[in-house]
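Residue numbers (my numbering): 2 to 339.
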């Protein structure tokens with residue numbers, strides 16, 4: 002059992018340190034599309050800020066956490082928006098931390114017939130470190146009593162690895178009140194992410210495609226559904242250097258409430274997983290609350306979950322100046338505020 006746990010720890014450490022270019026794996030993509038495509042910050046000239054807590058449980062002893070903040074502000078007279086994102090990623094069991102700060106500039110171009118084109122440029126600053134002091138080494142374990150010493154003489158215990166780098170990206174979306182299509186590119190500068198300055202590990206350019214369609218479920222204002230009822234279908238595909246992530250969701254917006262299901266498929270070399278999840282949300286005044294949970298299948302030894310459990314909890318606040326004029330409008334793809 003101890004040997005197997007060590008193997009899982011080594012695998013997790015390898016995956017984390019060699020796939021730095023990957024985005025966080027989360028379920029709330031339809032509500033937080035700017036994580037995948039920063040051009041979404043400019044959608045309908047909204048001014049918003051929000052928080053996301055994300056937890057991914059790979060096995061009972063390995064949990065990875067994301068604490069994410071974002072904000073956007075629209076300069077309506079100049080036809081552009083600015084967006085900011087900050088994410089703190091941590092894997093406590095192996096002592097790994099990564100901080101990402103991303104700034105985005107989004108320009109807004111009207112194509113006619115309520116069609117809008119939102120290109121953006123993005124710059125990111127990344128700081129990561131690996132501190133193996135959280136690991137338990139062999140010399141700390143007393144094989145007779147089972148007692149674990151607090152100190153180790155293993156040379157690896159004193160290692161502290163750190164790296165800072167920047168990345169450049171570009172993206173765009175085209176949308177109207179019914180559909181949205183987006184494409185994004187990250188790591189255009191192919192930064193060197195190796196801890197050792199004498200080693201070159203360049204991150205290949207990654208890209209993603211997003212698509213959404215919103216359908217009015219109650220166009221004739223029938224009584225059996227709330228007045229503002231919509232079906233929002235969203236899909237995205239992201240290709241990194243060594244991984245592919247495919248996400249799709251179907252959410253029903255029933256007045257101020259939303260419920261949905263999502264499916265997520267990931268592929269890393271010969272390793273793959275498929276998540277099935279549920280989501281629920283509530284919009285009240287300027288606030289939007291939401292929670293999502295993706296289920297896992299656990300093996301017979303109860304030591305490994307395949308795929309991992311994913312839990313999201315988010316809160317967003319809309320401070321757009323004319324929000325009161327469309328309060329009660331829960332449609333996500335809008336153009337009335339440009």
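The C-beta atom is built at its ideal place from N, Cα and C for all residues, glycine as well.
No experiment lies behind these values; they were computed from the predicted model shown.
- The three-state reading of DSSP puts residue 127 in strand, counting E and B together.
- Approximately 15 Å separates the beta-carbon atoms of residue 209 and residue 175; this is outside 8 Å, ruling out the contact.
- Taken through DSSP and simplified to helix, strand or coil, residue 29 comes out as coil.
- Closest by C-alpha distance to residue 47, out of 70, 58 and 77, is 77.
- The Cβ neighbour count for residue 201, taken over all protein chains shown within 10 Å, is under 16; the residue is labelled exposed.
- Non-local C-beta neighbours of residue 221 in its own chain, meaning closer than 7 Å and more than five positions away in sequence, are absent.
- Below 8 Å, too few C-beta pairs join the segment 36-53 and the segment 255-270 to call them touching: fewer than three.
- Bounds of the beta strand (DSSP E) holding residue 97 are 97-108.
- A residue is called buried once 16 or more other Cβ atoms fall within 10 Å of its Cβ, and residue 286, having fewer, is exposed.
- A straight-line Cα-Cα distance of about 5 Å links residue 334 and residue 178.
- Across the set 60, 103 and 73, the C-alpha of 73 shows the shortest separation from the C-alpha of residue 320.
- Taking 8 Å as the cut-off, the Cβ atoms of residue 100 and residue 128 count as close.
- The closest CA to that of residue 218, considering only 240, 255 and 250, is found on 255.
- In the DSSP assignment, residue 185 falls within the beta strand (DSSP E) that extends over 180-187.
- The alpha carbon of residue 164 has as its nearest neighbour, out of 172, 197, 317 and 186, the alpha carbon of 197.
- Within the segment 192-277, the complete beta strand (DSSP E) runs of at least 3 residues fall at 207-217, 230-240, 244-255 and 258-269.
- Boundaries of the beta strand (DSSP E) around residue 164: 162-176.
- Under the 10 Å beta carbon count, residue 113 is surrounded by fewer than 16 other beta carbons and is classified as exposed.
- In the three-state reduction of the DSSP assignment, residue 121 falls in the strand class.
- Approximately 13 Å separates the beta-carbon atoms of residue 98 and residue 87; this is outside 8 Å, ruling out the contact.
- Annotation for residue 319: the continuous beta strand (DSSP E) segment containing it runs 310-319.
- For residue 25 and residue 55, the gap between their C-alpha atoms comes out near 9 Å.
- About 38 Å separates the Cβ atoms of residue 332 and residue 243, ruling out a contact at the 8 Å cut-off.
- Under the three-state reduction of DSSP, residue 36 is assigned to helix.
- Here the alpha carbon of residue 69 sits roughly 13 Å from the alpha carbon of residue 34.
- Rounded to whole angstroms, the gap between the alpha carbons of residue 106 and residue 258 is 32 Å.
- Membership of residue 52 in the beta strand (DSSP E) is indicated by the continuous run 49-60.
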